[in-house]
Amino acid sequence: MVYIYPNLGGYIQCYGTYKQVMRYLKMTFALTDKIEKTTDLSQDKVVALLESGTTNKFQLFPDHIMTGEIYDDCIDTVINPPTGFSDPFKSRVTGNITCDNKLTKISLTVKPSWTVVVFTIVWCGLIIKMLYDTFISTDLPLTFKSISLLICLSLIPFGLGKLKVIWDTHRLKEWLDTTIINTA
-14 MVYIYPNLGG YIQCYGTYKQ VMRYLKMTFA LTDKIEKTTD LSQDKVVALL
36 ESGTTNKFQL FPDHIMTGEI YDDCIDTVIN PPTGFSDPFK SRVTGNITCD
86 NKLTKISLTV KPSWTVVVFT IVWCGLIIKM LYDTFISTDL PLTFKSISLL
136 ICLSLIPFGL GKLKVIWDTH RLKEWLDTTI INTA
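What the sequence shown shows, in our numbering, is residues -14 to 169, in sequence order.
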């Protein structure tokens, strides 16, 4: 468990092991997010419950939260939007299901869609080109303004991608809690 406290000097203090703090910071600033759940249901029952919420075709029902496939206890799906409409920004979910000592562990990684990744690359590429053009002009105040603009504008796609991953992770956690964890 990582405890984060603001102190009087305006700094943030983190309490926990080094590994826990580094993992927290990595997950805070990365575009991916992890979900780990443990249940006492059998592995076959967990796979069946996950498959009941996963479909290979377009569904309008809200209980089908994922579209994709589960094979050999590996999960490769995307998270459906709550309305069921086509969404090019569907977050990708990968993971696996393992069983040991009568406990089944579900480990999932939620990643942004390829649309968000490509948009971020193109967006940052355009900003870097703009920055390169201002370096050629050798106007120093304009260069500093361009660097600050680069930092601000590059936060837009990263921030939106991270918000989408956080939203989909929250929805998937709620679905796992109501469907699998509360079933046990």
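Cβ coordinates follow ideal geometry from the N, Cα and C atoms, glycine included.
Cβ neighbour criterion (16 or more within 10 Å) applied to residue i
{"i": "residue 25", "result": "exposed"}
{"i": "residue 115", "result": "exposed"}
{"i": "residue 82", "result": "buried"}
Contact check, residue i vs residue j, beta carbons under 7 Å
{"i": "residue 23", "j": "residue 90", "result": "yes"}
{"i": "residue 20", "j": "residue 93", "result": "yes"}
{"i": "residue 112", "j": "residue 139", "result": "yes"}
{"i": "residue 95", "j": "residue 18", "result": "yes"}
{"i": "residue 16", "j": "residue 165", "result": "no"}
{"i": "residue 55", "j": "residue 80", "result": "no"}
{"i": "residue 97", "j": "residue 53", "result": "no"}
{"i": "residue 142", "j": "residue 108", "result": "yes"}
Alpha carbon of residue i to alpha carbon of residue j, nearest angstrom
{"i": "residue 117", "j": "residue 110", "result": "10 Å"}
{"i": "residue 105", "j": "residue 58", "result": "32 Å"}
{"i": "residue 99", "j": "residue 31", "result": "28 Å"}
{"i": "residue 63", "j": "residue 144", "result": "20 Å"}
Reduced DSSP secondary structure (H/G/I, E/B, other) of residue i
{"i": "residue 17", "result": "coil"}
{"i": "residue 85", "result": "strand"}
{"i": "residue 138", "result": "helix"}
>> Any contact between the segment 129 to 136 and the segment 154 to 163? By contact I mean 3 or more CB pairs, one from each, below 8 Å.
In response: no
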